[in-house]
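Notes for the one structure printed next.
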Amino acid sequence: MKNTRSITDKFFLVIKGLFMGAANKVPGVSGGIVAFVGGFYEEFIYSLQKVNGKAFKLLISGRFNSFYRYTNGQFLSLLIFGMLISYFSISKILDYFLERQELFVWAGFFGMILGSIYYISKDFNQWGKSTITAGIIGLIIGISISFLSPATQNDNLLFIFFCGIISVSGMTLPGLSGSFILILLGNYVLLLVDSVNALYDTFAEVLRGDFSFTNNIKRLNTLKILGVFTAGSAIGLVSLSHLLSYVLKHYKNITTAVIIGFITGSLGVVWPWKRTLYRTDAQGNMLLDTNDSPIITNYERYLPDLMIAETYWALFFIIFGILILLALDWYGRNRQENA
Numbered sequence: 003m004k005n006t007r008s009i010t011d012k013f014f015l016v017i018k019g020l021f022m023g024a025a026n027k028v029p030g031v032s033g034g035i036v037a038f039v040g041g042f043y044e045e046f047i048y049s050l051q052k053v054n055g056k057a058f059k060l061l062i063s064g065r066f067n068s069f070y071r072y073t074n075g076q077f078l079s080l081l082i083f084g085m086l087i088s089y090f091s092i093s094k095i096l097d098y099f100l101e102r103q104e105l106f107v108w109a110g111f112f113g114m115i116l117g118s119i120y121y122i123s124k125d126f127n128q129w130g131k132s133t134i135t136a137g138i139i140g141l142i143i144g145i146s147i148s149f150l151s152p153a154t155q156n157d158n159l160l161f162i163f164f165c166g167i168i169s170v171s172g173m174t175l176p177g178l179s180g181s182f183i184l185i186l187l188g189n190y191v192l193l194l195v196d197s198v199n200a201l202y203d204t205f206a207e208v209l210r211g212d213f214s215f216t217n218n219i220k221r222l223n224t225l226k227i228l229g230v231f232t233a234g235s236a237i238g239l240v241s242l243s244h245l246l247s248y249v250l251k252h253y254k255n256i257t258t259a260v261i262i263g264f265i266t267g268s269l270g271v272v273w274p275w276k277r278t279l280y281r282t283d284a285q286g287n288m289l290l291d292t293n294d295s296p297i298i299t300n301y302e303r304y305l306p307d308l309m310i311a312e313t314y315w316a317l318f319f320i321i322f323g324i325l326i327l328l329a330l331d332w333y334g335r336n337r338q339e340n341a
């Protein structure tokens, strides 16, 4: 872990946080892939591992500087800062384009994941009986998850806490999309759309000096749900990081093989030629959840009515997504050579 960072390094850490936050918001895309491709995955996991009993003792005793250094605070704070900005900016832009240009968004991410598979596997030369088996297992699990059907929405606070623990898997496990897991659990719209929008609206109102939200029972309930979800996410993030740091230390080659297989299997989740399906009643009217948002049920994975032009544009965005990863690879190699 770096002790000192240049202004440029700090700036790019925030940018990486932006991309992690955006990736975690999109169903099928894993923020862990961003960390892996960005070359800071191991530092991210090991830094989270430092949030332990010793860290809390330092914090409670008022030794804030020691706590900051021990937990690699500069790295984590800049990365988390970027993620927070993303949730209120880039993620809103993604929501906009997912609603209006769904095919092209999926195509871009499909290309980026293809590029990620190349990026991760190109220097991995440890293929053998155990790693091939691990890769196949990861592939099968990834494919299986992509064909599961979503559950119905559940706002029970204990279940929300569980959703928080599970959802952060996307940040710690490359290839496993936390947002897609939330779709399977039935709570994607509630936790990553309605709750985030409620928090955004609340901040906007407070900045204007408007505190009327305190009388809005629906808003307060949504904010309470977000708070429980955030607590679950924090606990899940720290606990998973301890497990992963151990696995990376003792079984790095097998872990990498599983990740390559898992990411490859996850391509089914971001298959571009699909359409989001929503729950409807017997008359075909779209049903809404308690926050007046449509409920995602599954995806139609084959779209025979697409125009040729749309298909060409989708292929363009797939190639564009691959080129982004190739550019990151080129940038990373040039930085190492000039370091």
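Numbering (the working numbering) for the sequence shown: 3 to 341. Ideal placement from N, C-alpha and C gives every residue a C-beta, glycine not left out. From a predicted model like this one, the values you see are computed outputs, not experimental measurements.
Minimum C-alpha distance to residue i - residue among the options
{"i": "I183", "options": "V271, N74, L78, I324", "result": "V271"}
{"i": "F319", "options": "G117, K18, S63, L81", "result": "G117"}
{"i": "F90", "options": "L201, I145, T10, G140", "result": "L201"}
{"i": "F35", "options": "V240, K52, G113", "result": "The question names Phe, but residue 35 in the sequence shown is Ile. Measuring from the Cα of I35, the nearest candidate turns out to be G113."}
{"i": "F14", "options": "N67, S79, R71", "result": "S79"}
{"i": "I82", "options": "A37, Q51, V16, A24", "result": "V16"}
{"i": "L159", "options": "S181, R221, K56, G229", "result": "G229"}
{"i": "K124", "options": "Y48, I262, A311, G323", "result": "I262"}
{"i": "L239", "options": "L225, F164, L209, R221", "result": "F164"}
{"i": "F322", "options": "L61, L192, G110", "result": "G110"}
{"i": "N255", "options": "I122, G55, T216", "result": "I122"}
{"i": "M7", "options": "G75, R65, F58, V39", "result": "First, the residue type needs correcting, since residue 7 is Arg and not Met in the sequence shown. The candidate whose alpha carbon is nearest that of R7 is G75."}
{"i": "G166", "options": "T258, S235, G33", "result": "S235"}
{"i": "T313", "options": "F58, E104, I95, L86", "result": "E104"}
Three-state secondary structure (DSSP) of residue i
{"i": "T73", "result": "coil"}
{"i": "V260", "result": "helix"}
{"i": "V198", "result": "helix"}
{"i": "K276", "result": "coil"}
{"i": "V271", "result": "coil"}
{"i": "G110", "result": "helix"}
{"i": "W129", "result": "coil"}
{"i": "N217", "result": "helix"}
{"i": "Y314", "result": "helix"}
{"i": "K254", "result": "helix"}
{"i": "E91", "result": "In the sequence under discussion, the amino acid at residue 91 is Ser, which differs from the Glu named in the question. Looking at S91 - three-state DSSP - the assignment turns out to be coil, as it is neither helix nor strand."}
{"i": "K124", "result": "coil"}
{"i": "R210", "result": "coil"}
Outcome for residue i when other beta-carbon atoms lying within 10 angstroms are tallied against a minimum of 16
{"i": "Q128", "result": "exposed"}
{"i": "W108", "result": "buried"}
{"i": "G137", "result": "buried"}
{"i": "S148", "result": "buried"}
{"i": "N26", "result": "buried"}
{"i": "G140", "result": "buried"}
{"i": "K131", "result": "exposed"}
{"i": "V208", "result": "exposed"}
{"i": "Y190", "result": "buried"}
{"i": "I168", "result": "buried"}
{"i": "K52", "result": "buried"}
{"i": "I162", "result": "buried"}
{"i": "F21", "result": "buried"}
{"i": "K18", "result": "buried"}
{"i": "D212", "result": "exposed"}
{"i": "L194", "result": "buried"}
{"i": "S146", "result": "exposed"}
{"i": "S49", "result": "buried"}
{"i": "F316", "result": "For the record, residue 316 in the displayed sequence is Ala; it is not Phe. Per the 10 Å Cβ criterion, buried."}
{"i": "G188", "result": "buried"}
Unbroken stretches of the alpha helix (DSSP H), 4 residues or longer, contained in the stretch 133-196
159-169, 171-174, 180-187
Go through the stretch 3-63 residue by residue and report every complete run of the alpha helix (DSSP H) that reaches 4 residues or more, in order.
9-27, 33-39, 43-51, 55-62
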